[in-house]
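Residue numbers (UniProt numbering): 1 to 417.
Right under this line is the structure:
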């Protein structure tokens with residue numbers, strides 16, 4: 001039968017049907033339907049693997065900066081450089097992507113891959129960073145490519161899934177990408193910490209060839225040498241005698257002792273308001289982190305001394321050097337306090353543990369032919385007296401890092417200072 005208001009009734013039913021269909025089309029709060037897409041699954045796996053390592057440098061760069069003894073202000077600057085680089089990378093890749101396709105022939109997938117490869121290469125280059133400038137350059141470069149990777153990853157995901165599923169899909173990708181960060185970053189931090197399982201020691205016993213400065217015999221030798229006039233070099237050095245801060249800092253500590261003993265103004269602040277020499281300030285030739293692990297050679301010792309207003313006179317104890325000449329140098333320079341003799345010698349020849357070492361000469365006993373060594377590694381050996389002939393033999397031993405024999409250096413304050 002025909003109802004007089006049939007059109008109105010059909011219109012109302014049609015509106016209700018459309019309203020119900022619209023409600024059915026809205027996704028539920030927990031919607032995992034996007035996970036059925038093979039492309040999204042592959043992208044989640046790949047981004048998870050990349051996330052395991054791509055953010056490691058954000059932690060490793062700070063750890064490296066601390067190992068290099070950088071100040072807190074500089075560590076903060078490295079964080080700022082990383083953040084600004086990340087922001088620039090996002091905007092740069094965004095500009096490339098929104099350009100007209102006729103002007104840009106590279107697809108989003110290739111952009112994402114290129115940024116990821118660049119981040120991987122830069123991660124390996126972090127091992128070469130030895131000072132603040134190289135770390136800052138690294139922070140800018142890595143931040144730019146890391147930001148570019150993050151943005152192009154999102155754009156590639158947008159290209160891969162439908163617009164309606166983008167919000168859900170991007171949430172799944174972020175979860176797969178950032179959860180591995182909780183694993184990779186702590187591992188990278190722990191991998192750079194020092195092994196605490198290594199054996200530890202409390203001092204070493206001096207061999208019979210050496211006489212401890214503080215022993216009864218050592219005091220007697222000191223008194224006799226003082227009366228002979230060959231202890232003039234001792235007092236300025238004793239007033240600045242220090243223990244080296246690191247096991248490999250013998251060369252740096254020896255040079256610091258001499259610089260402060262000869263009253264050379266470094267021209268820069270150690271601890272405000274004081275200007276004073278410290279090992280951390282002698283980084284003009286070799287990064288501190290490298291010296292902390294490897295120490296320094298004779299040539300590097302000379303370069304640092306000359307760069308800090310010292311005149312140097314180097315003698316390598318090779319086959320042309322003579323014991324008589326060395327004894328004459330010791331005899332002459334221990335009677336004054338304007339110059340200091342520093343030695344590079346092999347501990348093993350003296351029957352001590354270890355090998356290469358730097359020390360200043362603190363005095364001389366002519367009748368017993370003994371030299372006073374002011375050992376900066378006081379946690380290992382105290383100051384001691386040693387025969388000149390044995391010390392000369394110890395300087396003849398070659399330095400394994402350079403292939404050259406060791407020797408002695410006469411350090412004097414430059415005349416214009």
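All C-beta atoms, glycine included, are put in the ideal place defined by N, C-alpha and C.
Could you give the residue range of the alpha helix (DSSP H) that holds residue 218?
For the purposes of this step, residue 218 is identified with residue 218 of the chain shown, where counting begins at 1. Taken as a continuous stretch (DSSP letters only), the alpha helix (DSSP H) holding residue 218 covers 216–228.
Rank 278, 71 and 229 by C-alpha distance to the C-alpha of residue 264 and give the top, closest one.
Here residue 264 refers to the residue found at position 264 when the chain shown is read from its first residue. Comparing Cα positions, the closest option is 278.
I'd like to confirm the pairing. Which residues does DSSP put opposite residue 356 in its beta bridges?
In the chain shown, the residue the question calls residue 356 occupies position 356. Bridge partners of residue 356: 346.
Is it buried or exposed for residue 199, if we count other Cβ within 10 angstroms and need 16 for buried?
Here residue 199 corresponds to residue number 199 of the chain shown, with the count starting at 1. Residue 199 comes out exposed.
Hey, out of 14, 344 and 127, whose CA is closest to residue 56's CA?
Position 56 of the chain shown, counting from 1, holds the residue named residue 56. Here the closest residue by C-alpha is 127.
Residue 161 (DSSP reduced to helix, strand or coil)
One-based indexing of the chain shown puts residue 161 at position 161. Three-state DSSP puts residue 161 in coil, outside helix and strand.
On the criterion of 16 or more Cβ atoms from any shown chain inside 10 Å, does residue 24 qualify as buried, or is it exposed?
For this step, residue 24 is matched to residue 24 along the chain shown. Confidence at residue 24 is low in this model, with a pLDDT of 49, below 50, so the placement of that residue should be treated as unreliable; the coordinate-derived value is given next. That one is exposed.
Our contact map puts residue 282 next to residue 411 with C-beta atoms below 8 Å; I'd like the distance itself, whole angstroms only.
Reading the chain shown from its first residue, position 282 is the one you call residue 282. Reading the chain shown from its first residue, position 411 is the one you call residue 411. Contact doesn't hold; Cβ gap of about 14 Å is too wide.
State the beta-bridge partners of residue 315 as determined by DSSP.
Residue mapping note: residue 315 aligns to position 315 of the chain shown, counting from 1. Paired residues: 408.
Is the Cβ-Cβ distance between residue 301 and residue 255 less than 9 Å?
By one-based count along the chain shown, residue 301 stands at place 301. By one-based count along the chain shown, residue 255 stands at place 255. Yes, Cβ-Cβ distance for residue 301 and residue 255 is below 9 Å.
Alpha-carbon to alpha-carbon, residue 171 and residue 49
For the purposes of this step, residue 49 is identified with residue 49 of the chain shown, where counting begins at 1. For the purposes of this step, residue 171 is identified with residue 171 of the chain shown, where counting begins at 1. Distance between the alpha carbons of residue 49 and residue 171 is about 17 Å.
Mind pulling the beta strand (DSSP E) runs of 3 or more residues that sit fully within the region 274–322?
310–316
Counting C-beta neighbours from all protein chains within 10 Å, is the total for residue 382 16 or more, i.e. buried, or is it exposed?
What you label residue 382 is simply residue 382 of the chain shown in a count that begins at 1. Buried, by the Cβ-count rule.
Whole-angstrom distance between residue 346 and residue 355, CA atom to CA atom
What you label residue 355 is simply residue 355 of the chain shown in a count that begins at 1. What you label residue 346 is simply residue 346 of the chain shown in a count that begins at 1. The alpha-carbon atoms of residue 355 and residue 346 are separated by roughly 5 Å.
In chain order, what residues of the same chain have a beta carbon less than 6 Å from the beta carbon of residue 234, not counting five sequence neighbours either side?
Here residue 234 is taken as the residue at index 234 of the chain shown, counted from 1. If we look at residue 234 and ignore the five residues flanking it on each side, its Cβ neighbours are 362 and 363.
Pairwise C-alpha distance: residue 287 and residue 365
The count along the chain shown starts at 1 and reaches residue 365 at position 365. The count along the chain shown starts at 1 and reaches residue 287 at position 287. Their backbone Cα atoms lie some 39 Å apart in a straight line.
Rounded C-beta distance between residue 390 and residue 209? I'm assuming under 8 Å.
For the purposes of this step, residue 390 is taken as residue 390 along the chain shown, with counting starting at 1. For the purposes of this step, residue 209 is taken as residue 209 along the chain shown, with counting starting at 1. Indeed they touch by this definition, with Cβ atoms about 6 Å apart.
Whose C-alpha, out of 151, 376 and 169, is nearest the C-alpha of residue 40?
Here residue 40 refers to the residue found at position 40 of the chain shown. Comparing Cα-Cα distances from residue 40 to each of 151, 376 and 169, the minimum goes to 169.
Taking one C-beta from the region 116–132 and one from the region 287–298 each time, how about it: are there three or more such pairs within less than 8 Å?
yes
Sequence-distant residues of the same chain with beta carbon closer than 7 Å to residue 112, five excluded per side:
Your numbering for residue 112 matches position 112 in the chain shown. These residues qualify, in order along the chain: 149, 152, 153 and 156.
Is it buried or exposed, residue 409, if we count other Cβ atoms within 10 angstroms and call 16 or more buried?
Here the question's residue 409 lines up with position 409 in the chain shown. Per the 10 Å Cβ criterion, buried.
For residue 47, does the three-state DSSP call read helix, strand or coil?
Position 47 of the chain shown holds residue 47. Note: residue 47 maps to helix in three-state DSSP.
Cβ pair residue 107, residue 89 closer than 9 Å
Working through the chain shown from its first residue, we reach residue 107 at position 107. Working through the chain shown from its first residue, we reach residue 89 at position 89. Not a contact, by the Cβ cut-off of 9 Å.
Cut-off 6 Å between Cβ atoms - residues of its own chain near residue 205, not counting five sequence neighbours on either side:
By one-based count along the chain shown, residue 205 stands at place 205. None.
Does DSSP classify residue 57 as helix, strand or coil?
As a first step, residue 57 is located in the chain shown; it is residue number 57 there, counting from the start. It is helical.
Quick one: is residue 360 buried, meaning 16 or more other Cβ sit within 10 Å of its Cβ, or exposed?
As a first step, residue 360 must be located in the chain shown, where it is residue number 360. Buried, by the Cβ-count rule.
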